[in-house]
Structures are given as structure tokens and as C-alpha cells.
Amino acid sequence: MEKDIHSSISRFSQLIDSLYQAPVHPRGFEPFLEQMVGEFRLADAVFHIQSNYRGELVSGWMAGPQIDAVIEYIEQDLARGNIINDFIAANPIGRFYSLNKHIGRQHDLTPQEQKVEDWFDRHGFCDVATALIGHADGNIAFLSVHRNQSESPLDETELYLLEKLVPHIQRAFSLYQQFKTSQQYTNNLTQIISQLPHAALLYDSKGAYVAANHKAKDLLALQENVKLLPSELSFCDATLRHEFLLNVQETLHLVRVRNHDACKVMHLSSQRGGLTLLFVAIGLEAQTIPQGYPLSAESNQLMEEGIGCIIYLYDREKSATLNPTLLKPIFNFTDAETEVCQLLALGYSRDEIAQLSHRSPHTIKDHIKSIYSKTGTGKQSDLIATILTSPAHTP
1 MEKDIHSSIS RFSQLIDSLY QAPVHPRGFE PFLEQMVGEF RLADAVFHIQ
51 SNYRGELVSG WMAGPQIDAV IEYIEQDLAR GNIINDFIAA NPIGRFYSLN
101 KHIGRQHDLT PQEQKVEDWF DRHGFCDVAT ALIGHADGNI AFLSVHRNQS
151 ESPLDETELY LLEKLVPHIQ RAFSLYQQFK TSQQYTNNLT QIISQLPHAA
201 LLYDSKGAYV AANHKAKDLL ALQENVKLLP SELSFCDATL RHEFLLNVQE
251 TLHLVRVRNH DACKVMHLSS QRGGLTLLFV AIGLEAQTIP QGYPLSAESN
301 QLMEEGIGCI IYLYDREKSA TLNPTLLKPI FNFTDAETEV CQLLALGYSR
351 DEIAQLSHRS PHTIKDHIKS IYSKTGTGKQ SDLIATILTS PAHTP
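Under the UniProt record's numbering, the letters of the sequence shown match residues 1 to 395, in that order.
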């Protein structure tokens, strides 16, 4: 066994190299997780940062063929029923603890814990292992991996090798914490969003808040339900916070995994006027950056892959002004379609548009179908992204 272990460790030099590149890599720990999935034949690998042992996911990187299952876990807020983290809290840190080897299936589960077990079985998992990596901005960082039933559960050798990685992961994460405020790509992107004509927020590759431009700060200052803090966008309502964090994670991860929405849309209501939030994954290449932006010389290799998420904010009553005299000829809309498209771009639903325009929902549905056909889009989020980047839109 010892000989096999040393032989296996020698194969992981590239994995270690990838790990120590993570603190300054545009995608953070994601390339390391991708290699980890391949080396250990995993269904997924998730470096997740939570508010507490059973708290919601605040941010995180993820990789593997079953990311959809992880997103579902976040969407259903299953962390509250995760018994694995309870076991970790009662045992020494710096180790990977697995369901199969250390914990075992439990009886007399609470309803929330049963939901986690049902989710685990439904997605065909046979084992999960988790390690506590450290703390970040008052939160707890974990690394979790799942094995699918097409593979056997993690054995002693694999768990030993995973534990050998833990000190390296802890050092790399500590370096990431030190470097994250001075990473050149983050500084560059912050400069870019500061010059955008739209109110915008910038989130990094793990879904953590980075920056907001002045237009976004001014717009958010008028809202009663949200508050922009130095380190995050804070919500008064836990449901809205959960929806927001889920949209960020889906935008970051599902776009690359499968043919998912180009962006996500979320609506915030307020007595002072509602906001529409448009979530867009970003992955810049040097040649796509307009001339005149203050980028450093080394940024010629800025980004070839997704590195974060920009969230555009639109005041549903004021911001997104569409010029109908341009909108109509650009897309060959009828007068009715032009009116409906303007309301769609402001984030209104079909029923809201029917009420505002004094038409039946069925008629509005037909108009929307025609609008999608003429603009080459399939969903409201895609349409908003198309319209708001067209000459017909005036910020």
C-alpha cells in the first residue's frame, strides 16, 4: 500500500502546481478542482464558503460532471440538513471525513436531513467526503467531493491522498486571501465597470462581491430592501438573498456546463420603484477590450475563460429608456410588439404587461412569441441582454 501511495503522489505534481497557481488565477481554485475531479474520478468537487456549519453557501468554486446536482442543493437550501458538517465540527480539522468510512448512514433523521439523503440518492451518489479548510471574512471554507455509483466509494488510499493535499490547500487559500485585493485582473475589471454607462456590480469567479460603480451605488441607495456594504450586497429578506446568491452561482457555473440561459433575471420591488437585475457571465479576451480603457501591459492575456459575473441594475421606472423609432425598424416590430418589447426590457412579466397595456394575457403571449422570433432570442433574459445592448437603448 505504501508503495502505491508514493507512486500516486508522484502523479499529483501537476495537481499541486495548479493548486498553488489558484491564488492569482482568474478562475481561482476552479482549474485545480477540475484536475481533482479527473485524478480521483469524482462526480463533483466544490470549494464552498458558508456562513456556518449548516449555513447557506455564501460563495464557492465548483467543477465536475454533476454540477447541476450542486446547484439544486443550493437552490433547495439543503445545507441546513447536512449531517457531514456536524461530524466535522466535532472532530479535528485538516482531514477529509467520508460518509462511507467515517460517518455512515444515520437513522432517525429530521425532515431537513431526510431531504439531503433523498437528494444524495436521487443523483446516484455513493459517497461524499468533506474537509474544513479554514475561515474567510467570518465564514467557514470547506472542500467537498462526491463519488457516483458508477465508481466505488472512496477507499483508504484515496482518503489518505486527499488528506495529504489539505495542508497545501490551506496554504493556497491563505495566499488567495492575501492576494485577492491586489489581483491585477480584478483591478482591471473594476476600472472597466466604473466606465460602463449602466449601473453594475462585479462578482468574482467564486461568486463573491468585488466592486460596484457609482451608478449602482446611487441606485441601490434608494432601495429599502437591500444595502450595499463594503464586502457584499446585503438583503433584508432571506428569500431574496438566497435567490440572488443562486442566480450568481447558476450564471457562473451552468453556462459552461450545458446550453443554459445566457443570463439570469431577478426583480426587486420597492415603494420607491422596483429594480431589474440582469446577471451576465463574463470572460474577456484582450482583443475585445475597447481602446482607451486604463489596462496594464501585462493584461494582453487578460481572460480566455469565464472569470466572474457582472450584474446590471435597471430602474424599472427610469433607467432603461428605449427609443421606439429605432427599436421598430431594427427588429421589424409592429407598433404593438414595440410597446410590449419596451415593457419586457423593463423586466415586467406577461401578466403585468397585459394589465398595463389593457390586453389579454393570451394576446400578449402571441406578441412575445413574435418578438422572440424576430430578435432570435428564446427567453426574457436573452431578450433583455439583446435589447439593452442595441442602439435602441439609451442609459
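Glycine included, each C-beta is placed from N, C-alpha and C at the ideal position.
For residue i, which residues of its own chain have a beta-carbon under 7 Å away from its beta-carbon, when the five flanking residues on both sides are left out?
i	result
MET106	The displayed chain sequence assigns Gln, not Met, to residue 106. Excluding positions up to five away in sequence, the list reads ILE83.
TYR20	ALA172
HIS242	GLU56, ASP77
ASN139	ILE49, GLN50, SER51, VAL58
GLY124	ASN148, GLN149
ARG54	ALA79, ARG80, ASN82, ASN85
ILE16	HIS168
ARG258	For ARG258, the predicted model reports a pLDDT of 49, less than 50, meaning its position is unreliable and no value from the coordinates is stated.
Quick check on the burial criterion: 16 or more other C-beta atoms within 10 angstroms. Buried or exposed for residue i?
i	result
HIS85	Reading off the sequence shown, one finds Asn at residue 85, where the question assumed His. That one is buried.
PRO23	buried
LYS227	exposed
residue 421	Not covered by the structure: residue 421. The range shown for the chain is 1 to 395.
MET303	No answer about MET303 holds up, because its pLDDT of 39 lies below 50 and its placement is not dependable.
ILE193	buried
GLY207	buried
LEU278	buried
residue 429	For residue 429 there is no data in the structure shown, the boundaries of the chain being 1 and 395.
Given this structure, state the Cα-to-Cα distance separating residue i from residue j, to the nearest angstrom.
i	j	result
ASN213	LEU313	11 Å
ALA286	LEU175	With a pLDDT of only 37 at ALA286, under 50, the local geometry of the prediction cannot be trusted, and the value read off the model is given with reservation. Cα-Cα distance, rounded: 26 Å.
THR375	TRP119	39 Å
GLN149	VAL128	11 Å
SER360	ALA354	6 Å
GLN14	HIS168	13 Å
ALA90	ILE282	40 Å
GLY28	PHE47	10 Å
ALA345	THR338	11 Å
GLN195	LEU99	49 Å
SER270	GLN380	22 Å
ALA216	CYS309	15 Å
TRP61	LEU219	29 Å
SER231	ASP204	12 Å
ALA69	LEU322	39 Å
HIS157	ASP44	It is worth fixing the name first, because residue 157 is Thr in this sequence and not His. Cα to Cα, the separation comes out at about 19 Å.
PRO111	GLN170	34 Å
LEU154	CYS126	9 Å
Please report the residue range of the beta strand (DSSP E) in which residue i lies.
i	result
ALA136	125 to 136
VAL24	Taken as a continuous stretch (DSSP letters only), VAL24 belongs to no beta strand (DSSP E), as it is neither H nor E.
TYR73	First-last for TYR73: 67 to 75, but that is the alpha helix (DSSP H), not the beta strand (DSSP E).
LEU42	Where LEU42 is concerned, there is no enclosing beta strand (DSSP E), given that its DSSP letter is neither H nor E.
SER234	233 to 235
LEU57	57 to 63
SER152	Per DSSP, SER152 belongs to no beta strand (DSSP E) and is neither H nor E.
For residue i versus residue j, is the C-beta spacing smaller than 9 Å?
i	j	result
GLU56	ILE74	yes
PRO324	GLN342	yes
ILE387	LEU327	yes
SER144	THR130	yes
VAL280	THR251	yes
PHE40	SER18	no
ILE311	LEU202	yes
Could you name the residues of the same chain whose beta carbon sits closer than 8 Å to that of residue i, not counting the 5 residues immediately before and after it, in chain order?
i	result
GLN76	LYS115, TRP119
VAL340	ILE353, SER357, ILE364, HIS367, ILE368, ILE371
GLU224	CYS236, SER270, GLN271, ARG272
Only counting the same chain, and skipping five residues up and downstream in sequence, which positions put a Cβ closer than 6 Å to that of residue i?
i	result
LEU275	LEU268, LEU313
PRO290	Legend: pLDDT at PRO290 = 38, less than 50; position of this residue unreliable, value from coordinates given subsequently. Once the five neighbours on either side are set aside, PRO290 has no close Cβ partner at all.
LEU42	GLY64, VAL145
PHE96	ALA129, ALA131, LEU159, LEU162, GLU163
GLU34	ALA63
Taking the alpha helix (DSSP H) that residue i falls in, what are its first and last residues?
i	result
TYR20	13 to 21
TYR176	156 to 179
Can you find a heavy atom of the ligand ATP that lies under 8 Å from the Cβ of residue i?
i	result
ASN100	As far as ligands go, the structure on display features none, and thus does not contain the ligand ATP.
Strictly under 9 Å for the Cβ-Cβ distance: is residue i near chain B by that measure?
i	result
ILE169	Here chain B cannot be found, since the structure has a single protein chain.
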